[in-house]
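For what it's worth, the working numbering labels the leading residue of the sequence shown as 37, then goes sequentially.
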Amino acid sequence: MTNKSMEAIIKWFLAAEELGEYIGIRFGHIPPGAAEPEWTFLRHTDFDGIGGLAEILRRKGAKLGRLPQIRFPAEPSVFSLLKMAPKFLQPRHRVKWLPVEQGAPIQDRQQPPPAVAWHIFDEPTTIQMRRVCRKAGVTVNSFLLKHLTKAIRPYLEDQSSMVPWMVPVNLRGKLSGGRDTANFSSYVGVKVQTYETPHDIHQSIYAALARKEHWANWYSYQAGRLMTDRMRKYLIIKERAMSQWNLGSFSNLGSWDTEKEITQPECAGNWLFCPPVLRCQLVGAGCVTFQNRLSLMIQAHPDLTTSPAAPKAWMQNLVKEIDLDLASGLVNPATYWENDVRLRT
Numbered sequence: 037m038t039n040k041s042m043e044a045i046i047k048w049f050l051a052a053e054e055l056g057e058y059i060g061i062r063f064g065h066i067p068p069g070a071a072e073p074e075w076t077f078l079r080h081t082d083f084d085g086i087g088g089l090a091e092i093l094r095r096k097g098a099k100l101g102r103l104p105q106i107r108f109p110a111e112p113s114v115f116s117l118l119k120m121a122p123k124f125l126q127p128r129h130r131v132k133w134l135p136v137e138q139g140a141p142i143q144d145r146q147q148p149p150p151a152v153a154w155h156i157f158d159e160p161t162t163i164q165m166r167r168v169c170r171k172a173g174v175t176v177n178s179f180l181l182k183h184l185t186k187a188i189r190p191y192l193e194d195q196s197s198m199v200p201w202m203v204p205v206n207l208r209g210k211l212s213g214g215r216d217t218a219n220f221s222s223y224v225g226v227k228v229q230t231y232e233t234p235h236d237i238h239q240s241i242y243a244a245l246a247r248k249e250h251w252a253n254w255y256s257y258q259a260g261r262l263m264t265d266r267m268r269k270y271l272i273i274k275e276r277a278m279s280q281w282n283l284g285s286f287s288n289l290g291s292w293d294t295e296k297e298i299t300q301p302e303c304a305g306n307w308l309f310c311p312p313v314l315r316c317q318l319v320g321a322g323c324v325t326f327q328n329r330l331s332l333m334i335q336a337h338p339d340l341t342t343s344p345a346a347p348k349a350w351m352q353n354l355v356k357e358i359d360l361d362l363a364s365g366l367v368n369p370a371t372y373w374e375n376d377v378r379l380r381t
């Protein structure tokens with residue numbers, strides 16, 4: 037990654053900040069015996085989710101090797117942006133919400149969103165989730181995104197509507213240079229229909245990767261170098277700074293320290309992660325698996341609600357849906373089938 041590449045991304049986040057958005061990535065640490073997280077926020081101008089968690093763990097004494105790398109074989113291509121250009125010009129249609137419980141108004145939008153909820157699965161449940169997803173030929177990502185969408189649907193005005201999500205993509209392994217904790221992320225857009233299974237969502241994500249949409253979006257950041265700050269802010273305000281309007285973003289930082297080699301006392305316990313929320317994507321959902329315990333976190337943009345009751349209700353629905361699927365064994369040959377080995381992670 038060159039300094040110019042980083043500068044191109046930073047300018048977009050700076051523009052969002054100047055428009056009143058809070059772009060801190062939320063990380064939580066629940067030490068053994070504690071009930072509430074200790075929050076840390078790192079600016080998205082300086083880190084992505086993987087880099088942020090690595091930075092925090094290293095500060096606490098953890099020795100980390102090479103950070104997670106992208107596995108999908110698609111190589112960088114500026115032509116992908118040309119192919120995807122028509123999508124940037126398409127009309128944007130917001131998904132409408134039913135009235136959401138409101139909390140106290142906040143005066144300072146440059147503070148972390150107050151509406152947040154989390155859940156931590158124990159090790160046996162996490163391992164079971166991995167096993168059933170592997171047997172079904174889908175990623176944990178696809179499984180969770182299916183149930184996240186289902187959990188939020190009851191709160192939408194049209195519960196049969198297509199739900200658009202932004203799914204970040206880690207570009208480490210294809211891009212190099214600079215510090216390994218910098219922002220190496222791009223994204224693909226995924227639209228989830230009511231009838232889709234985790235396998236359908238899995239295929240949608242990998243089809244977008246095969247079309248190199250993550251590279252198209254990456255190069256669109258770089259094209260922003262030719263714009264003025266005023267132009268970038270205009271596109272953000274008009275919700276044209278992304279390839280589609282998103283209900284929210286869903287990001288999975290993957291599995292960390294499965295062999296439990298990180299033994300520093302300050303790292304012990306459970307870890308949480310959630311991507312920022314923006315006016316153009318009002319929900320942020322994140323997960324990370326640390327020492328074989330998967331955690332989920334959801335937060336809402338203050339424009340949607342400042343009450344923690346809303347994300348807590350979504351989280352309760354999400355955990356219930358996951359538990360029901362795991363209790364039933366999930367794998368039903370009539371619904372799930374083995375996917376092409378090239379698409380597995």
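Beta carbons are placed, not taken as given, at the ideal position from N, Cα and C, and that holds for glycine.
Presumed contact (8 Å Cβ cut-off) between residue i and residue j, rounded CB distance
i: V324; j: W292; result: 7 Å
i: K248; j: E54; result: About 31 Å; that fails the 8 Å criterion.
i: W201; j: L283; result: 6 Å
i: L93; j: I298; result: 7 Å
i: I188; j: P338; result: In fact, because the Cβ distance is near 18 Å, the residues do not count as touching under 8 Å.
i: N177; j: S222; result: With a Cβ gap of about 15 Å, N177 and S222 do not count as contacting.
i: E232; j: K186; result: E232 to K186, Cβ: 10 Å. No contact.
i: L389; j: I156; result: The chain is shown from 37 up to 381; residue 389 falls before or after that span and cannot be answered.
i: G225; j: S279; result: 5 Å
i: D84; j: F220; result: 6 Å
Straight-line gap, residue i to residue j (C-alpha atoms, nearest Å)
i: F77; j: I59; result: 9 Å
i: R145; j: G173; result: 42 Å
i: D82; j: G260; result: 18 Å
i: W48; j: L100; result: 30 Å
i: A363; j: A218; result: 40 Å
i: L330; j: G56; result: 32 Å
i: H65; j: L262; result: 40 Å
i: A70; j: A51; result: 37 Å
i: F115; j: I241; result: 20 Å
i: A44; j: L89; result: 23 Å
i: F63; j: M267; result: 32 Å
i: E72; j: I273; result: 35 Å
i: Q239; j: I106; result: 17 Å
i: T294; j: T264; result: 45 Å
Sheet register partners of residue i (DSSP bridge)
i: C323; result: N288 and L332
i: H65; result: E74 and W307
i: M202; result: G225 and S285
i: A153; result: I334
i: G60; result: R79
i: R167; result: In DSSP, R167 forms no bridge with anything.
i: Q317; result: L314
Nearest to residue i (by Cα), restricted to the options the options
i: K132; options: P190, N177 and V168; result: P190
i: P135; options: E193, S116, R79 and L184; result: E193
i: G320; options: L262, P150, A243 and G209; result: P150
i: L125; options: L271, I188, P112 and R94; result: L271
i: F309; options: K171, Q335 and A71; result: Q335
i: W251; options: Q105, P68, E111 and L89; result: E111
i: R128; options: K348, W281, E43 and A363; result: W281
i: K171; options: M267, P204, P234 and G56; result: P234
i: Q229; options: Q195, V205 and E357; result: Q195
i: I61; options: F220, K296, I106 and P148; result: P148
i: F326; options: L118, K296 and P301; result: K296
i: S287; options: R107, A304 and G322; result: G322
i: S113; options: V199, Q105 and S256; result: S256
i: E159; options: S212, N306 and G139; result: N306
Neighbour flag for residue i against chain D, beta carbons, 7 Å
i: S279; result: Here there is only one protein chain, and chain D is not present.
Only counting runs of 4 or more residues, tell me where the alpha helix (DSSP H) segments fall wholly within the segment 99 to 148, in order along the chain.
-> Unbroken alpha helix (DSSP H) stretches of 4 residues or longer found wholly inside the segment 99 to 148: 115 to 125, given in chain order.
Any chance you could list the alpha helix (DSSP H) runs of at least 4 consecutive residues sitting entirely within the segment 173 to 220, in chain order?
-> Counting whole runs of 4 or more residues, the segment 173 to 220 contains the alpha helix (DSSP H) stretches 176 to 188.
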